[in-house]
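A short worksheet on the structure shown next.
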Amino acid sequence: AMWTAICPEVLTCLQQHQSIRSWILNWNDSSASINFKLHPHKLHLIAYTLWVLWKARCQLQYQNKYPNPNTIIRLIKHYEQQYHLMQSSTSTSESYSRISLDTDSSWQPPPPGFKKLNIDASFTKATDCAGLAMLLRNDDGTFLAAKSLTTYAQSPLQAEAQALWEAVKWCNHHHYQKVIFETDNKALYQAITVPGFHPPWLSKPLVQHCKYMFSIHSDWSCVYVSRVCNKSADAIARKARIHCIRSEWLASPPGWLVPQLTTDVTSIQH
Numbered sequence: 001a002m003w004t005a006i007c008p009e010v011l012t013c014l015q016q017h018q019s020i021r022s023w024i025l026n027w028n029d030s031s032a033s034i035n036f037k038l039h040p041h042k043l044h045l046i047a048y049t050l051w052v053l054w055k056a057r058c059q060l061q062y063q064n065k066y067p068n069p070n071t072i073i074r075l076i077k078h079y080e081q082q083y084h085l086m087q088s089s090t091s092t093s094e095s096y097s098r099i100s101l102d103t104d105s106s107w108q109p110p111p112p113g114f115k116k117l118n119i120d121a122s123f124t125k126a127t128d129c130a131g132l133a134m135l136l137r138n139d140d141g142t143f144l145a146a147k148s149l150t151t152y153a154q155s156p157l158q159a160e161a162q163a164l165w166e167a168v169k170w171c172n173h174h175h176y177q178k179v180i181f182e183t184d185n186k187a188l189y190q191a192i193t194v195p196g197f198h199p200p201w202l203s204k205p206l207v208q209h210c211k212y213m214f215s216i217h218s219d220w221s222c223v224y225v226s227r228v229c230n231k232s233a234d235a236i237a238r239k240a241r242i243h244c245i246r247s248e249w250l251a252s253p254p255g256w257l258v259p260q261l262t263t264d265v266t267s268i269q270h
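Numbering (UniProt numbering), first residue to last: 1 to 270.
Next comes the structure, spelled out in structure tokens:
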């Protein structure tokens with residue numbers, strides 16, 4: 001039922017092989033009905049679906065929590081949408097280090113029933129000081145909570161990884177469910193979601209901690225967006241770094257953040 005909703009061709013392909021391993025090895029065959037040469041995007045979706053299903057099995061095995069198939073399907077569909085948007089418009093001026101999304105020029109809400117948590121880090125090499133930010137909103141853009149921290153880091157990626165680690169701990173502490181974590185750092189996104197991607201050793205422990213947390217929360221995911229979609233979290237991170245602000249806001253945002261939050265909501269593309 002899951003594959004029927006996500007990628008119906010998979011069922012037909014699986015029936016032609018004795019095992020999933022045999023089917024995966026067949027992806028290199030250009031004559032196969034699904035192969036690397038002709039269907040790279042479809043295989044990316046299949047790989048992500050297998051990863052999400054593995055996370056759901058881990059949650060059942062180790063936490064005795066039965067996953068909701070509809071939640072898993074919505075999560076995968078949202079990821080598929082984000083993936084196609086990312087592939088549609090790559091910014092050549094930054095040599096693929098950023099992705100420009102013409103359709104997403106501002107913050108976009110998550111699917112119905114989900115929450116979106118934007119993270120960011122503001123880092124300056126002169127002092128190695130970093131401001132960390134996490135901002136949680138629901139599917140209509142309503143502010144739910146936010147938090148700012150300060151720390152020291154040795155690179156922008158390490159600061160971003162620290163922000164994500166603090167965010168997943170925060171969500172776990174508050175028992176937030178159905179959360180989409182959004183980052184504008186492509187290297188961090190790849191380190192979390194791409195199998196075999198190895199981050200620099202300074203950031204590796206933080207990344208491993210984050211990946212473990214995602215593995216035990218099947219309704220959490222991590223996506224990448226352009227910086228223009230992450231302005232509110234950026235404002236919090238900059239404020240935290242410049243003014244050494246370590247605060248948590250629940251239900252009501254700080255006054256200085258309201259203008260940017262309002263801009264995000266009024267710019268939502270329906």
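Cβ coordinates follow ideal geometry from the N, Cα and C atoms, glycine included.
Quiz prompt | Cutoff 6 Å; reference L25; Cβ partners in own chain excluding five residues on either side | solution = Position 25 of the sequence shown, counted from the first residue, corresponds to residue 25. Here the set comprises nothing.
Quiz item: Short check: CB of A130 to CB of A237, under 9 Å?
Solution: Here residue 130 corresponds to residue number 130 of the sequence shown, with the count starting at 1. Here residue 237 corresponds to residue number 237 of the sequence shown, with the count starting at 1. Yes; because the gap between Cβ atoms is below 9 Å, this pair is in contact.
Quiz item: Span of the alpha helix (DSSP H) holding W249?
Solution: Residue mapping note: residue 249 aligns to position 249 of the sequence shown, counting from 1. First-last for W249: 247 to 250, but that is the beta strand (DSSP E), not the alpha helix (DSSP H).
Exercise. Inspect the beta-carbon positions of C7 and S218 and report whether they are closer than 9 Å.
Key: In the sequence shown, the residue the question calls residue 7 occupies position 7. In the sequence shown, the residue the question calls residue 218 occupies position 218. With a cutoff of 9 Å on beta-carbon distance, C7 and S218 are scored as not near each other.
Exercise. Kindly list the residues whose CB is nearer than 6 Å to the CB of V10, restricted to its own chain and excluding five residues on each side of it in sequence; keep chain order.
Key: To locate residue 10, count along the sequence shown from 1; it is residue 10. Hits under 6 Å: W3.
Quiz item: Any contact of the stretch 159 to 175 with the stretch 254 to 270, i.e. 3+ C-beta pairs under 8 Å?
Solution: No: the two stretches stay apart, fewer than three of their Cβ pairs being nearer than 8 Å.
Quiz item: G131 by DSSP, collapsed to three states: which one?
Solution: Locating residue 131 in the sequence shown gives position 131, where the first residue counts as 1. Note: G131 maps to strand in three-state DSSP.
Quiz item: Can you tell which of E80, R74, I242 has its C-alpha closest to the C-alpha of A47?
Solution: Walking along the sequence shown from the start, residue 47 turns up at place 47. For the residues E80, R74, I242, the minimum Cα distance to A47 belongs to E80.
Practice problem: Pick out the complete beta strand (DSSP E) segments inside the stretch 156 to 191, 3 residues or longer, and give them in chain order. | Solution: If one requires a minimum length of 3 residues, the beta strand (DSSP E) runs lying completely within the stretch 156 to 191 are 179 to 183, in chain order.
Quiz item: What are the boundary residues of the beta strand (DSSP E) that includes W220?
Solution: On the sequence shown, residue 220 is found 220 positions in, with the first residue counted as 1. Its beta strand (DSSP E) spans residues 220 to 224.
Exercise. Classify Y66 as helix, strand or coil using the three-state DSSP reduction.
Key: Residue 66 sits at position 66 when you count from the first residue of the sequence shown. Coil.
Exercise. Below 6 Å CB to CB, which residues in the same chain sit around S247 once its five sequence neighbours on both sides are set aside?
Key: For the purposes of this step, residue 247 is identified with residue 247 of the sequence shown, where counting begins at 1. Excluding residues within five positions, the ones whose Cβ falls inside 6 Å are S148.
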